[in-house]
Structure formats: structure tokens, C-alpha cells
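K.L.:
The structure that follows is given in the form of C-alpha cells.
Residue numbers (mature numbering (1 follows the signal peptide of the UniProt record, and there is no 0)): -19 to -1, 1 to 702.
Written as C-alpha cells, this is what we have:
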């Protein structure tokens, strides 16, 4: 047993007390390196370890231990007063902001002791490897479905780091947080507002240009990526859908001009320019941006509402900050495909350095094809092959079709149609080779196997020819796409205008002999339908949900079972009634227009269909339910596609849920014009497609035909059904 004297015990106790400082840190943050432009807030907690006496807090300061930054880059706030009570704690926050070089400082707290309490603040501040700009016009995608919030939350899973800046400009939705335009930086787990610009038009060129120039100046990096998020409409529809200010959208040539102005002024080329938007993967748009970006990413088709998978590609970018646009683009496409598995998708990565070869190839193709646009016989052959090629958001049923066609599919079909023309065949193959060189990587869903990476505008619905096409493919009068190809499209349309009588079809002589419905069809056709309805529909509604007078309306169609026998330049068409009594398409038991959305709608084997509906929840928005014949050979309603609106851009495909409710649209004669018209018939989630008979309400029959000019015509008379 050890024996201690009283003096020894006193010395031991005193030593134990001296081992613990009167004031200590109970919480010290982890300090991360940051990129120029970023900020970091360090939160500390200090504690008075003396249980019976307050201690003075004489001074809290940041001491520079040798960096060259001004004092203002570190700012301090605290809950500590002039003294710290016994056994009490207080907090200190140090914000590092506007630093452009390394920080070497320390936090120093003078509490009256022999030495202040200190903690080092040392971090590296340097240029990021990448700055990613995401321009988000929220529109109905945010207001209705919160898709912008969904994608921003994905960004927050990674956030800005020493390797990457993630800068977003948001607005353009009639929704809280999007009523004004805000510049924000994304950090791990948070979104920090940098500036509120107020109510400004997000589709205005100066607003976009100012954002990018400001971002390049304040968030410098070795390389830059810009993503335009919202609605897209291809070369003729442009980009955007601002709900709050006009203009709602910006033309592609105007946006390309903005990018050119930015790169000219700042000297910075972009590594990637991409569109998380529908229908922007076309040769014209990519060509407009080609001088100012190394890589381009866009979708030939519509996009599902959830869009790109931001967390995967940003995590990759942070882990591999020296990756180039080719490597990053592949990750973007893989993530997008994975996120939207089970839906119709296309996404392509384009090497813009190859687009000059493609433009030259398109010029030679236009020269070779031009002679075939001058005679009725050859014009019809071009029209038929254009119709058969894979296209996107294009239908005789809709008066706002985009008429974008897969470039490889179209050119190959033209070449196959005129195999003896060596010049045309060679020119076609050069185009295909140029596309294959430019498209570095693409992925499609199984139902988009005929999509090869780039679309081009070539009209199949001539009455809807986009008169702006020559203007939107040029900047200040200089064409950035092939001028001769643009001229070819114009010449093709001019022949149509000058030869309507030999191209437009007419239905006549509808009859029913008790077994078959028959009719006469003048000129050629692309699509034939048998339709049933009623000649006095009392359930029609106008766009304000007001009842319309009783009018003819046809609500269900079939495209199989129709035969067409040529008679000179006309066709005798026939449809047998009995074999197809139980083959009318139904949605939740209600007869519907079940429109094939593929290249050959008069043939079996279709995989994509549209059902015209009006969304009830959103003040009566017209559009289509998208139906997919999946790999299990079952019809699956995969989403709602809004009709193209006044901005001429197409909305992303919106998901369906328990709230989804629609009015069926019928093909009706309203004010002497046949058009898709809302009815009072309603269907609610979940949705099931089936085939069966129709009730006695559907007691009238007519034929419908889509001719080779893209016009939808209907028998002028009806027969009982």
C-alpha cells in the first residue's frame, strides 16, 4: 500500500486541473478545399470548463498566418458575448467567401488566459476542373410535377467540391421559388442563393448570355459544361417554356448566337453543351453550337419527365475531374437510360468536330436528290419513304407536329428507293458514314431501334411546313447548316403547293353491303383507319369545358383488316365488319382512338401508340397518353405527353399516379372542321388497354385516311354500324 503526504496529494490535484484548459473546443469542423467562387462555413463550439466562474471573451479574431488574401475573405459571427458563463458554451461561425488563393489562417479566442485558444484554418483554393452550368426554366414541369426539384436534389447528392462547381439559374414556373429568376450554387445537401434577378424572361437572349458570362467570370474552371433544362422543339421549335414572362422560348439560331457571343467575349469554349429537353438531338441544332463546344448531347425523341440522372454523372465528374467530354457524355447517357428504364428513350453524344463533314455530305445529298422533287411520281416516292422512316412527335392527328426524322433511316430509305442512281446512292452512304463518325455514343430503348443518333427536319405533313426553317438555321444571314439541303426542303414543299390535285387524296363512295364497308380513295395514302362513332354526339366540350352542340364524332379506330386494291391512280378500300366486332381499342372499357406512333401504322407489329386525352387536373391541357407494347407483349400506359403549346416546344413525358384523370378526346366535326375534341367521358388511374366490342351508342362508321402529303381525311358521309 502506497502512502502519500498531504503535500503530495495537493500537487497531484493541481496537476490534474492544469491538464485541462479553462476554455476548449467541443466541436471543430472538418475543413475542405474549395474552388474559386465557392464558400465554406466553419462552425465551432467552445466551452467554459470552469464550473464556478465566468470567463471573459475579450476577443475573437482570424489571424493571418501568411496567405495573401484580403481580410474580408473570412468573416466571423458568434453567439458568444463578452463573457462565457460557468460550464457554458457558445458558437462561432467562420465563413470563407470570395477567396482566389490558398487560405492560411487561424481562429483565435482571447479569454484572458496565458495564451489564446486557437484552431488552424488552412485550405487550398484553386480553379475547379469543371464548372457545370444548368439553365432551368421550370415551366409546368416544376409547377405540376416538381421535376426541377427532383433533378436539383440529385445534384445536391454530390454538390460543388474543389473539383467541380454546380451553378444553376432557375425560374420560369408559376410555382413558389420559381416566380423570380435566381442564381444559385449547389453544395452537398444544400442550395445557396447567390442573387435574385427578379422577374426577367428566361428565354431572352440577354438573360441567358448574362448568366453564362457572369458564371464564367465568377466560377472559373479548366473546362465548362452547359445544360439547358426544360422543353425542346427541335430546330423549328427552339428551347424553353417560360410560364411567367414572354417570350416563352428562344429560337435555336438565337441561342446558338448567344453561345457564340459568350465564347467570343470570354475566350472560353465549352466541353459539352447538352439539352435535357425533348427533340434537340438534331443535325441542325448540333451544327449551330458546333463552333463553340467540343461535344453536344441531345435526344432525338421526347424525354421522360425525370430527365438526366444528375447524381451519377456529377459523382463521376468529381471522381474523375480530368475526364473529357467523350467520357463524361457516355456516363450521362448511361445514367439517363438507367433512370428511365422501361420508357421510350434516345440520347446521343456528338463529336462536333465531325459536323463540318456531315454538312458537306448533306449538301451533296441535296444536290443528288433535287431532281426527284420535280415530278409527281418521284415526289410521291420520296414522301412514302419519308413517312416510313422513324420520326418523332409527328402525326397526321396533331396540327403541331415537329416532322423530325432519323437522318440515317431517312437517307437509307431514299437510297434504297432509287438504287440505280449511283450518285444518290454514294451521297446517301457518305451521309450515313458522316453521322456514324459524328455520333460517338448513343443508347435507345428497345422500341427505338431505328434511331441512330441524329434527326433532321424533312416534312411529311406538308400543310404544317415550318416556314421559319431557313431563318432558324442561320445567324445574321449566314447558314450554319447545309444551305442546299435547306433549299431542297423548300423546293420539295413548293412542288406540293403547285400540285395539290395530283397529291392530296379524297375519300368518296362509302357503302355497306351488310358484310363489308367499302369506299373509293383518290391518290396515294400512308395510313388507313376504320372508325366508329355517333353522328350526333352530345358529350363534346370546348376548350373552356363548355358543352358544344351535337355534332358527329368518332371515338375508336382500327387499322388492321383494311384492304386496298389499286384502280389506276385510285384505290378501292374495304373493311369486313364481323371479324373485327371485338377488336375496337378500349381504355378502362371506354372506346378510344388508339393511334399507331410508328413508321408503318397500317402494318402489324407496332410497339408505340397514342391515345388523345385532356388532363383534367391542370385546367384542361390537351395531349396524349403514351402506350408501349412492352417486351412482355403487354400494352403499358407509360405517361402523359402534353400537346405542343404556344412556345412550339414539346413537354417531357409526365409520369402517372393516383391523381391522374383524363377526359377522352374524339375526332369530331366542330364548326365544319374535323379535329380532336374533348368529351365528357372520363378515365382515372390506373389505366388498362384492352380490345372488345362497342356499345350501341357507337352506331356510325366512316373511313379515315392519311395521305402522302400528311393530310388526315374522313369519309364525307357515314354508314350505320
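Beta carbons: idealized from backbone N, C-alpha and C, even for Gly.
#1: DSSP state of residue 16, grouped into three classes?
#2: Taking all protein chains shown into account, do 16 or more other C-beta atoms lie within 10 angstroms of the C-beta of residue 40, making it buried, or fewer, making it exposed?
#3: Is the region 10 to 25 close to the region 67 to 84, with three or more CB pairs under 8 Å?
#4: Need the endpoints of the alpha helix (DSSP H) that residue 451 sits in, please.
#5: Taking a contact to mean a Cβ-Cβ separation below 8 Å, would you say residue 274 touches residue 233 in this structure?
#6: So, for residue 129: in the same chain, excluding its five sequence neighbours on each side, which residues have a beta-carbon less than 8 Å away from its beta-carbon?
#7: Considering only C-alpha positions, which residue in the set 407, 399, 363 is nearest to residue 441?
#8: Can you tell me where the alpha helix (DSSP H) holding residue 316 begins and where it ends?
#9: When the distance is taken between beta carbons, is residue 393 closer than 8 Å to residue 382?
#10: Which full runs of the beta strand (DSSP E) of 3+ residues lie inside the region 195 to 232, going along the chain?
#11: Tell me whether the beta-carbon of residue 221 lies closer than 8 Å to the beta-carbon of residue 231.
#12: Kindly list the residues whose CB is nearer than 6 Å to the CB of residue 80, restricted to its own chain and excluding five residues on each side of it in sequence; keep chain order.
#13: Is the beta carbon of residue 637 less than 8 Å from the beta carbon of residue 325?
#14: Note the first and the last residue of the continuous alpha helix (DSSP H) segment covering residue 390.
#15: Between 433, 101, 429, which has its C-alpha nearest residue 414's C-alpha?
#16: Apart from the five residues on each side of it in sequence, which residues of its chain come closer than 7 Å, Cβ to Cβ, to residue 582?
#17: Compute the Euclidean distance between the alpha carbons of residue 502 and residue 683, then round it to the nearest angstrom.
#18: Pairing CB atoms from the region 272 to 289 with CB atoms from the region 253 to 262, are three or more of them under 8 Å?
#19: Could you please give me the residues that DSSP links to residue 238 through a beta bridge?
#20: Compare the C-alpha of residue 613 against each of 108, 323, 313, 111 and name the closest.
#21: Out of 672, 488, 646, which has the shortest C-alpha to C-alpha gap to residue 563?
#22: Hey, could you find the ends of the beta strand (DSSP E) residue 715 is sitting in?
#23: Grouping DSSP H, G and I as helix and E and B as strand, with all else coil, what is residue 51?
#24: Does the Cβ of residue 642 lie closer than 7 Å to at least one heavy atom of the ligand FMN?
#25: Where does residue 250 fall in DSSP's three states?
#26: Taking buried to mean at least 16 other C-beta atoms within 10 Å of its own C-beta, is residue 519 buried or exposed?
#27: How should residue 666 be labelled, buried or exposed, when 16 other C-beta atoms within 10 angstroms of its C-beta is the threshold for buried?
#28: Under a Cβ-count criterion, where at least 16 other Cβ atoms within 10 Å of its own Cβ denotes burial, should residue 137 be classed as buried or exposed?
#29: Would you list, in sequence order, the uninterrupted alpha helix (DSSP H) runs of no fewer than 4 residues that lie entirely inside the region 109 to 181?
#30: To the nearest angstrom, how far is it from the Cα of residue 115 to the Cα of residue 449?
#31: Could you tell me the boundaries of the beta strand (DSSP E) in which residue 511 lies?
#32: Count the other C-beta atoms from every protein chain shown that fall within 10 angstroms of the C-beta of residue 678, then say buried if there are 16 or more, exposed otherwise.
#33: Take residue 585 and list the residues in its own chain whose beta-carbon comes closer than 6 Å to its own, dropping the five residues that flank it on each side.
#34: If contacts are defined as beta-carbon pairs under 8 Å, then residue 227 and residue 348 qualify, I think. What distance do you get, rounded to the angstrom?
#35: What span of residues does the beta strand (DSSP E) with residue 25 cover, start to end?
#36: In chain order, what residues of the same chain have a beta carbon less than 8 Å from the beta carbon of residue 537, not counting five sequence neighbours either side?
P.N.:
Taking the definition as stated:
#1: strand
#2: exposed
#3: yes
#4: 450 to 453
#5: no
#6: Cβ neighbours of residue 129 beyond the five flanking positions: 117, 119, 122, 123, 151, 154, 159, 210.
#7: In terms of CA proximity to residue 441, 363 leads the group 407, 399, 363.
#8: 306 to 320
#9: no
#10: 202 to 210
#11: In contact: residue 221 and residue 231 (Cβ atoms closer than 8 Å).
#12: Cβ-Cβ distances below 6 Å link residue 80 to 50, 54, 106 in the same chain, with the five nearest sequence neighbours on each side left out; the list follows chain order.
#13: For residue 637 and residue 325, no; Cβs fall outside 8 Å.
#14: 388 to 398
#15: 433
#16: Because residue 582 carries a pLDDT of 40, less than 50, the predicted location of this residue cannot be relied on, and no value is offered for it.
#17: 13 Å
#18: yes
#19: Answer by DSSP bridge pairing: none, since residue 238 is not bridged.
#20: 323
#21: 672
#22: Nothing about residue 715 can be reported from this structure: the residues present for the chain run from -19 to 702 only.
#23: coil
#24: The model on display carries no ligand, and the ligand FMN is accordingly not part of it.
#25: coil
#26: With a 10 Å radius around the Cβ and a threshold of 16 neighbouring Cβ atoms, residue 519 comes out exposed.
#27: That one is exposed.
#28: A buried status is given to residue 137, since no fewer than 16 other beta-carbon atoms sit within 10 Å of its beta-carbon.
#29: 120 to 126, 128 to 137
#30: 28 Å
#31: In the DSSP assignment, residue 511 falls within the beta strand (DSSP E) that extends over 506 to 518.
#32: Exposed, since its Cβ has fewer than 16 Cβ neighbours within 10 Å.
#33: Note on residue 585: pLDDT 45, under 50, position unreliable in the model; no value is reported.
#34: Contact doesn't hold; Cβ gap of about 41 Å is too wide.
#35: That run of the beta strand (DSSP E) goes 21 to 29.
#36: So the list reads 512, 513, 514, 565, 566, 567, 572, 573, 574, 575, 675, 679, once near-sequence residues are dropped.
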